[in-house]
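Below is one structure, written out as structure tokens; the observations come after it.
Residue numbers (the UniProt record's numbering): 1 to 65.
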């Protein structure tokens, strides 16, 4: 998600993953300064991430449907 204000939507998806017993992490990575985003993407597989769900703003509402 792109900002702290997006968390009010993302929390529903995080709760569903938790209810299903799926381990997960929630990060705020702004696209305004993409270096952190690029660094995360570059090393995600090495860190064991298998799926990345990403979005920002109003587009996040589709995560909870």
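For each residue, glycine too, the CB sits at the ideal point set by N, CA and C. Model, not experiment: these values are computed from the prediction.
- Assigned with DSSP and collapsed to three states, residue 39 falls in helix.
- In the structure shown, residue 17 adopts helical secondary structure according to DSSP, grouped into three states.
- With fewer than 16 other Cβ atoms inside 10 Å of its own Cβ, residue 22 counts as exposed.
- Just so you know, the alpha carbons of residue 44 and residue 27 end up roughly 12 angstroms apart.
- Residue 40 and residue 25 have their alpha carbons spaced roughly 13 angstroms apart.
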